[in-house]
Amino acid sequence: MKVTSAPFLHTLAAPHSNVEPSRANRIPWIGTTVILTKYGHPWKGYDTVVKNVLARQPTVSGLKVEIQLSHLNFASPFKTAIVDYDDIIEKT
Numbered sequence: 091m092k093v094t095s096a097p098f099l100h101t102l103a104a105p106h107s108n109v110e111p112s113r114a115n116r117i118p119w120i121g122t123t124v125i126l127t128k129y130g131h132p133w134k135g136y137d138t139v140v141k142n143v144l145a146r147q148p149t150v151s152g153l154k155v156e157i158q159l160s161h162l163n164f165a166s167p168f169k170t171a172i173v174d175y176d177d178i179i180e181k182t
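In this note's numbering, the protein residues as written are 91 to 182.
In C-alpha cells, the structure reads:
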C-alpha cells in the first residue's frame, strides 16, 4: 500500500450575497401565545406558546402544533404537547 497526500486546491471564497433568506421558509407562529381549546384536554383554557409547527399531518388542517405551557409548574417545568391546529386560538 502506498501512502500519498491529497493535492491541495486553492480556491477563492464564495461571494457574499445580499439576498435575504426566503420568508416562506420561516414559521411566523413560533413564539406566539395561544389558548388551547380542545374539549377534554387537561390544559384546556391555559395559555401556551407555540414551539414548532408540523406540516403534512393526517388532520383536516394538515397541521399539528407543538405547544409549551406558559405557567410555572415546579413538578414538570417546560411541559410540551402536540395538538391539532384547529384546537388552538391566538391570545389577543
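For every residue, glycine included, the Cβ atom is placed at its ideal position computed from N, Cα and C.
V143 is not a Cβ neighbour of I178, given a cutoff of 7 Å. The C-beta distance from I120 to K141 rounds to 7 Å, short enough to fall under 8 Å. Taking 7 Å as the cut-off, the beta carbon of Y175 is found closer than this to the beta carbon of S151.
Rounded to whole angstroms, the gap between the alpha carbons of G135 and E180 is 12 Å. Residue environment for I157: buried (at least 16 other C-beta atoms within 10 angstroms of its C-beta).
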